[in-house]
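Written out below as structure tokens is the structure these notes cover.
Residue numbers (my numbering), protein chains in the order written: chain H, -5 to 285; chain U, 10 to 286.
Below, the structure is given as structure tokens:
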């Protein structure tokens, strides 16, 4: 640390001073014009609170939202990887119809704003799916039964399960288009010789994909996939619009109840930042170790 | 002779069958309507699902993150009287009517004012609450303003998008500018920051905000504007649900229960320690 400080040129110090005074000025302006009673002391209670009646610590709205966001991100990315891999393979298929279908899906998603896509998927797809599969009454049965603890660990409040699932489906469908493109790039980056070699030793097209192309391609696409996962966490904020009880939605609720506008949003921003930045650090280290 | 008698018999039989079938047909239609009602679905499920959007003090989260408020009292009592469980589905205000129409919940109990426009999409019960709105103004910016002075292009209002205050403001002050936000807190903040002259909301929110920022905010007029009625919203084509909710509201109005709950949340301050001011 000290060594690094010594390496700084006087120009670096100047730049640092200018930046600091710039932020100081903005802060001073905000304090002057913003009429706001800061009530930071209320925020910790909305993350973790001691329940005076039940006499135990429990996760309050903000932490509940954060946990929900993490759950949704994990499930949605698993689903997105599965769908995206299928999509990526379809994009490289010999059959023109399959290729065109995959292309249509992709272009549809890439050229429509995420918010619009989310609404369309929600009302026309995930809603119908949930009604058709009768997921709601099934989830309610679990919520009423005694062995709900395991389910709640994985999915949170089972009464809100349908909304969680539609959030996961919508998000996964949306992200699968981008995962698909990553997979396609991975497949196409495998030298032609590899595929020809596979065919020449008598492998079928399926075996060629399964044993030669995909293992190499998947290895190559890990870094962009990790990146896409972080994007997915950030994108998950959009599904608050379809009332999935994740971090952003809970923050809106908290603001509506307490008027802690700035404290609540700054805290939420910090949550997202810590998770996404932490993950990107982790992925970078894993990558460095590999090479 | 023989043929004619047989023919007569057949004709008689046909007529008899037809007269018997007609009321049966009418009856089955009535049964269809009754069994398709959301009331039947609620009884069968054992759960009533109520959509709401958080709006202080109609509904809000307390210190423990639990939902409390006037709507919650109404919803819980309604469920108890129906003998079913209650599930509240917090939904963003923008999408609450589409969510009802697409079947996410059985009814909206969320301080929704009955307006002809909304009535084109959903049906409303008779009002279960009446709330008037008051103006919450930035004291320094609106010094000496009469009510007419607010109706000028130089005046800016802030309000929550899609909510009744936004409509009322556009109605009462057509000349004024209107800034729209996704929730109430942001609208109030704009008034606090001096970016808007005033906002409108139903009491007691304006008074409590004015108490928190006595130097900046005030409630300039002691009257409530456009006291509208709030009703439950249900999907169209369901006469049974409307009938049931209407008689429930009538019964609860007659016993004074609704007024007592309304006064507790809207006039009193007894619940203030459950939510941080």
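Glycine included, every Cβ here is placed at the ideal spot set by N, Cα and C.
Give a yes or no on whether 9 angstroms exceeds the smallest Cβ distance from residue i to chain U.
i              : result
residue 109(H) : no
residue 52(H)  : yes
residue 250(H) : yes
residue 45(H)  : yes
residue 288(H) : Any answer about residue 288(H) is impossible in this case: the structure gives chain H only from -5 up to 285.
residue 65(H)  : no
residue 262(H) : no
residue 157(H) : yes
residue 58(H)  : yes
Residues in the same chain with beta-carbon distance under 7 angstroms from residue i, minus the five sequence neighbours each way, listed in chain order, please.
i              : result
residue 136(U) : 123, 238, 239, 240
residue 67(H)  : 226, 227, 230
Counting only the same chain and skipping the five closest in sequence on each side, list residues whose C-beta sits under 8 angstroms from that of residue i.
i              : result
residue 279(U) : 273
residue 207(H) : 181, 184, 188, 189, 192
residue 160(U) : 181, 182, 183, 184, 185
Report the residue from the options whose alpha carbon sits nearest the alpha carbon of residue i.
i              : options                        : result
residue 138(H) : 230(U), 70(U), 96(U), 82(U)    : 96(U)
residue 202(U) : 31(H), 9(H), -3(H), 17(H)      : 31(H)
residue 167(U) : 158(U), 198(U), 157(U), 148(U) : 198(U)
residue 186(U) : 134(U), 164(U), 68(U)          : 164(U)
residue 50(H)  : 73(U), 190(U), 68(U)           : 73(U)
residue 117(U) : 276(U), 61(U), 266(U)          : 61(U)
residue 59(H)  : 262(H), 271(H), 282(H), 272(H) : 262(H)
residue 126(U) : 172(U), 285(U), 53(U), 190(U)  : 172(U)
residue 47(U)  : 244(U), 276(U), 189(U)         : 244(U)
residue 9(U)   : 44(U), 67(U), 285(U)           : There is simply no residue 9(U) to check, as chain U begins at 10 and stops at 286 in what is shown.
residue 157(H) : 251(U), 99(U), 204(U)          : 99(U)
residue 175(U) : 162(U), 157(U), 63(U), 196(U)  : 196(U)
residue 6(U)   : 134(U), 277(U), 231(U), 121(U) : Only positions 10 to 286 of chain U appear in the structure, and residue 6(U) is not among them; the question remains open.
residue 100(H) : 250(H), 239(H), 85(H), 216(H)  : 85(H)
residue 239(H) : 160(H), 170(H), 143(H), 283(H) : 160(H)
residue 204(U) : 112(U), 156(U), 148(U), 157(U) : 148(U)
Nearest-angstrom Cα distance between residue i and residue j?
i              : j              : result
residue 184(U) : residue 170(U) : 18 angstroms
residue 33(H)  : residue 257(H) : 7 angstroms
residue 209(U) : residue 46(H)  : 36 angstroms
residue 114(U) : residue 253(U) : 17 angstroms
residue 296(H) : residue 173(H) : Past the boundaries of the shown model lies residue 296(H); chain H is included only from -5 to 285, so the question cannot be answered.
residue 27(H)  : residue 19(H)  : 12 angstroms
residue 260(U) : residue 90(U)  : 11 angstroms
residue 71(U)  : residue 25(H)  : 29 angstroms
residue 41(H)  : residue 186(H) : 54 angstroms
residue 82(H)  : residue 214(H) : 14 angstroms
residue 64(H)  : residue 232(H) : 14 angstroms
residue 235(H) : residue 104(U) : 8 angstroms
residue 222(U) : residue 228(U) : 11 angstroms
residue 40(U)  : residue 52(U)  : 16 angstroms
residue 112(H) : residue 234(U) : 38 angstroms
residue 101(U) : residue 278(H) : 37 angstroms
residue 109(H) : residue 264(U) : 46 angstroms
residue 123(H) : residue 80(H)  : 20 angstroms
residue 153(U) : residue 162(H) : 54 angstroms
residue 64(U)  : residue 179(U) : 21 angstroms
residue 117(H) : residue 127(H) : 15 angstroms
Beta-carbon of residue i versus every beta-carbon of chain H: anything under 9 angstroms?
i              : result
residue 89(U)  : no
residue 259(U) : no
residue 141(U) : no
residue 202(U) : yes
residue 197(U) : yes
residue 93(U)  : no
residue 225(U) : yes
residue 104(U) : yes
Kindly list, in the order they appear in chain H, the residues whose Cβ is closer than 8 angstroms to that of residue i.
i              : result
residue 56(U)  : 134
residue 222(U) : 29, 31
residue 64(U)  : 250
Please list, in chain order, the chain U residues whose beta carbon lies closer than 8 angstroms to that of residue i.
i              : result
residue 131(H) : 54
residue 117(H) : 107, 111
residue 36(H)  : 285
Which residues in chain H sit within 9 angstroms of residue i, going by Cβ to Cβ distance?
i              : result
residue 193(U) : 249, 250, 253
residue 101(U) : 234, 235, 236, 237, 243, 246
residue 160(U) : Within 9 angstroms Cβ-Cβ: nothing; residue 160(U) doesn't reach chain H, min ~25 angstroms.
residue 238(U) : Simply none; closest approach about 23 angstroms.
Near residue i, what residues of its chain come up, given a Cβ to Cβ distance below 6 angstroms and the 5 sequence neighbours on each side ignored?
i              : result
residue 115(H) : 164, 167
residue 193(U) : 169
residue 243(H) : 234
For residue i and chain B, any beta-carbon pair shorter than 9 angstroms?
i              : result
residue 285(U) : The chain inventory of the structure shown lacks chain B, comprising the protein chains H and U.
Quick one: list the residues of chain U neighbouring residue i, beta-carbon separation under 7 angstroms, in chain order.
i              : result
residue 55(H)  : 70, 74
residue 289(H) : Residue 289(H) lies beyond the residue range present for chain H, which begins at -5 and ends at 285; the question has no answer from this structure.
residue 121(H) : 111
Name the chain H residues that come within less than 7 angstroms of residue i, Cβ to Cβ?
i             : result
residue 96(U) : 153
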